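Visitor: Please see the structure below; I have some questions.
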Amino acid sequence: MTKNIVILISGGGSNMAAIVNAAASHRWAQRFGGRVAAVISNKEEAEGLAYAREHGIATEVVRHRDFSSREQFDTALAAAIDVHQPALVVLAGFMRILTSGFVAHYAGRLLNIHPSLLPAFPGLDTHQRAIDAGCKVAGATVHQVTAELDHGPILAQAVVPVLPDDTAQSLAARVLTQEHLIYPQAIETFLAG
């Protein structure tokens with residue numbers, strides 16, 4: 002049985018690329034029937050779309066600016082996703098807050114990665130907030146998405162030390178390297194289910 006994965010991005014798609022690479026190198030198709038079926042973005046200029054196309058993955062753009070409400074956008078986005086009959090919908094730098102109806106439609110099969118050790122620092126500016134709070138460690142969390150922003154069952158976390166001379170940018174770069182490891186691992190665990 003094929004387990005289609007649809008990845009949603011808004012930008013460079015480095016987590017998406019890590020997932021695509023892991024799917025190939027860890028033979029998800031042969032081992033679990035898992036394959037990245039599509040990459041969808043809310044921005045046509047998202048650099049990650051080119052990477053997906055180069056790897057033979059279907060791409061689509063559903064521009065949030067084309068819709069007068071969040072609900073209308075989420076309905077159109079869900080229609081684009083559902084064409085691929087996803088076993089899993091993966092948010093990889095998708096910078097839109099999703100409606101509760103959208104989240105409910107994909108309940109149990111919607112994952113996100115957040116650049117903090119949740120439940121600490123949900124929302125934006127996580128790295129600067131961790132530095133400002135005097136945290137000794139920061140990190141990233143893979144979690145199932147629920148209607149409450151950056152909550153939901155935690156599937157994986159990675160811890161990164163906060164160094165005395167860290168800036169938000171230097172901390173973000175180190176956290177991102179860990180995101181690229183734990184997100185594919187969490188998806189593989191989900192597929193192995």
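Just so you know, the sequence shown maps onto residues 2 to 194 in my numbering.
No residue lacks a Cβ here, since even glycine has one placed at the ideal position from N, Cα and C.
If you're wondering where the values come from, they're calculated on a predicted model, not measured in any experiment.
1) Could you round the C-beta distance between Gly102 and Gln145 to whole angstroms and report it? I think they count as a contact, below 8 angstroms.
2) Under the rule that 16 or more other beta-carbon atoms within 10 Å means buried, what is Asp126, buried or exposed?
3) With DSSP run on the structure shown, which of helix, strand or coil describes Pro116?
4) Among Arg32, Pro116, Ala193, which one has its Cα closest to the Cα of Gln179?
5) Could you check where the alpha helix (DSSP H) with Arg32 kicks off and where it finishes?
6) Any idea which residues DSSP pairs Lys44 with across the strands?
7) Are the stretch 45-57 and the stretch 69-83 touching, with three or more C-beta to C-beta distances below 8 angstroms?
8) Does the separation of the CB atoms of Val138 and Val163 fall below 8 angstroms?
9) Taking C-beta to C-beta, are Ala19 and His181 nearer than 8 angstroms?
10) What's the C-alpha gap between Phe61 and Leu111?
11) Keeping to the same chain, check which residues put their C-beta closer than 7 angstroms to that of Gln129; ignore five residues upstream and five downstream.
12) Contact check, Arg71 vs Thr100 under 8 angstroms by CB: the rounded distance?
13) Mapping DSSP to helix, strand and coil, what is Gly140?
14) Between Val143 and the rest of its own chain, which residues show a CB-CB distance below 7 angstroms, the 5 nearest in sequence each way excluded?
15) Please classify Arg130: does DSSP put it in a helix, a strand, or coil?
Guide: Per the coordinate set shown:
1) About 17 angstroms; that fails the 8 angstroms criterion.
2) exposed
3) coil
4) Pro116
5) Per DSSP, the unbroken alpha helix (DSSP H) holding Arg32 starts and ends at 29-33.
6) DSSP lists no partner for Lys44.
7) no
8) yes
9) yes
10) The sequence as given places Glu at residue 61; Phe does not occur at that position. So the alpha carbons of these two residues sit roughly 18 angstroms apart.
11) So the list reads Ala169, once near-sequence residues are dropped.
12) 6 angstroms
13) In the three-state DSSP reduction, Gly140 falls in the strand class (E or B).
14) Leu112, Ile114, Leu156, Ala157, Ile183, Tyr184, Ala187
15) helix
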